[in-house]
Structures are given as structure tokens and as C-alpha cells.
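Using full-length UniProt numbering, the letters of the sequence shown correspond one by one to residues 1 to 220. By construction, the Cβ of each residue, glycine as well, lies at the ideal position given by its N, Cα and C atoms. Computed from a prediction, not measured in an experiment: that's the story for all the values here.
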Amino acid sequence: MAMSIFSTPMLLAAFEILLLLLYFSRRRVKYRLPPGPKGLPILGNVFNAPKSFEWLAYQDWSRQYDSDVVHFEILGTHYVVLNSAKATVDLFEKRSNIYSDKIDSPMVKLTGWNRSFALMGYGDYWRAHRRLSHQYFRPAAVSKYYPSSAKSVHEMILALRDTPGRFMEHIRHMAGSNILRIVYGIEVKPEDDPLIPIVEESVQVFSKITVAGAYLGNVT
Ligand SMILES: *[C@@H]1O[C@H](CO)[C@@H](O)[C@H](O)[C@H]1NC(C)=O
């Protein structure tokens, strides 16, 4: 009785070869990558990439690999971390025409954060925002907002005097009220303003979705 070549072990072997080919074809990176933690085949650094306080792990890697630019990989997606102001300015400012753009992340789109200037991809919409942002937030323009910042800081100092134990809340309120006043012209209530938790919640969503490898939906 002849064995069919489509027996289960054969199929499994073929599948494995296919996976390996896929792996090697994705692995074939044309350029030398910066140093970084070794990953598993295919999975890459799924298990050793940090899911929270990622900056601490990145800093450790920088020390360990003696480089302010480190690299890791998750399921074929390559991440390069710039761990010094110098590396960041060199690549994102001096050579921004080749290195500067935003991540193309499904999680960013699903949460609506792609409407934020910080995560908006390059294009006409981005250019319009860049123009506005330059007009109102370039270094020479921000002195206009000093009175607003001073007001928020004064309020915070009074609040700290009255209820020092709630300092975290006061600091957040100071930043939130100042930002809402400058950007939207909204004057928030001194306490329990419903807008402040909304701002904080959205910022928390932002920090969750931008952690590299935290969501499989981001792996493309
Ligand atoms: C954000 O993503 C959604 C869904 O892909 C898209 O419809 C929308 O145009 C995007 N907005 C911006 C500003 O890119």
C-alpha cells in the first residue's frame, strides 16, 4: 500500500518548511541593524519586549549593548529605539526627510488617535496641522501663554497648601487646565471638572496603544 504524499506528517513538514521560508524571507534585512536583545525565531522578542515602563527596559538595553540606538523585533516587525537626545535630533531633525513619519498602526486608527497631530501620518492633513502648530506653538509664540501657565500654577499652589495629600491630583489638574485653556479656550472648574478625567483617560489609551508589541493588531 503506497503512502499518499499528502499524509499528515508530510503536510506538517511542508508547512514547517513554508514557515521557515517565510521566516528567512522576512529576516533578510538589507541593512545592518543596531544591537539589541536576541529574539526567538519567528516570534522575535515577543516575550522579552517590555509591556509597561518600557523606557526602563530600553535604557537597560542601551547600557547592556553600549549603544544609544537599540533594535528589537516582534513577529517580523522591527523596532528601533532612540535612547538619547543626540540620536533623536540626529535622525528625526537633521535627517527628518528620510526618518520622520508616524507609525502606521491599526490600534491608533481604531482608537481615533490618528486624528491627533502627534500620531497623524505625513500628508496634506498633517501639513495643515504642522502649519498651525508652528504658528501657535513655535518657541517665539509660546510666551503668549505664560499668563495662562502662571494662573494654573497659582491655583495649584493654593490647592497644595489646602490639601497637600492630593498632590498628584493637583499636578494633573494644573497641566490639564492649562492645556485646555490654551488649546480650546475652556476654563475648567477648580475641582471635579468632568473634562479632566476624559483627557486623562485618552492619554492612558494613548500610552497603552503605543507600547511596541502590546497589541497583535499592531503587528503588520
Ligand atoms: C483615521 O483613521 C480612520 C480609519 O482608518 C480614517 O477613516 C480617517 O480618515 C483617519 N483620519 C486621519 C486624520 O488620518
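Whether P35 touches Y58 by CB criterion (9 Å): No; because the gap between Cβ atoms is not below 9 Å, this pair is not in contact.
Coarse secondary structure for L110, derived from DSSP in three states: It is helical.
First through last residue of the beta strand (DSSP E) which encompasses L82: For L82, the enclosing beta strand (DSSP E) stretches over residues 77 to 82.
8 Å contact criterion, which R178 and S148 should meet: CB distance rounded: In the sequence on display, residue 178 carries Asn and not Arg. Between N178 and S148 the beta-carbon gap is near 6 Å, inside 8 Å, which marks them as a contact.
contact_flag[the region 175 to 190, the region 150 to 162] where n(CB pairs < 8 Å) is 3 or more: Short answer: they touch.
Beta carbon of V46 nearer than 9 Å to that of W61: A distance of 9 Å or more separates the beta carbons of V46 and W61.
Nearest-angstrom Cβ-Cβ length linking L75 and L119, presumed shorter than 8 Å: Not quite, the Cβ-Cβ distance comes to about 21 Å (not below 8 Å), so this is no contact.
V203 and E54 closer than 9 Å at C-beta: No, the pair does not count as a contact, with Cβ atoms beyond the cut-off.
Candidates E169, L56, P190: closest to E200 by CA position: Checking every option, the nearest Cα to that of E200 belongs to E169.
Close-in-space but distant-in-sequence residues of the same chain around D68 (CB under 8 Å, 5 per side omitted): Result list for D68: S62, L82, N83, S84, K86, A87, in chain order.
Buried versus exposed call for I209 [16 or more other C-beta atoms within 10 Å across all chains shown]: So I209 ends up on the buried side.
Selected residue, minimal CA-CA separation from G185, among P164, F167, Y145, L91: Checked all of P164, F167, Y145, L91; the closest Cα to G185 is Y145.
Residue burial classification, S4 (beta-carbon count within 10 angstroms, cutoff 16): With a pLDDT of only 48 at S4, under the threshold of 50, the placement of this residue in the model should not be trusted, and no figure is reported.
Beta carbon nearer than 6 Å to a non-hydrogen atom of ligand 1: That gives K109, N114, R115, M120, Y125.
CA-to-CA distance, L158 to F206, given in whole angstroms: The alpha-carbon atoms of F206 and L158 are separated by roughly 31 Å.
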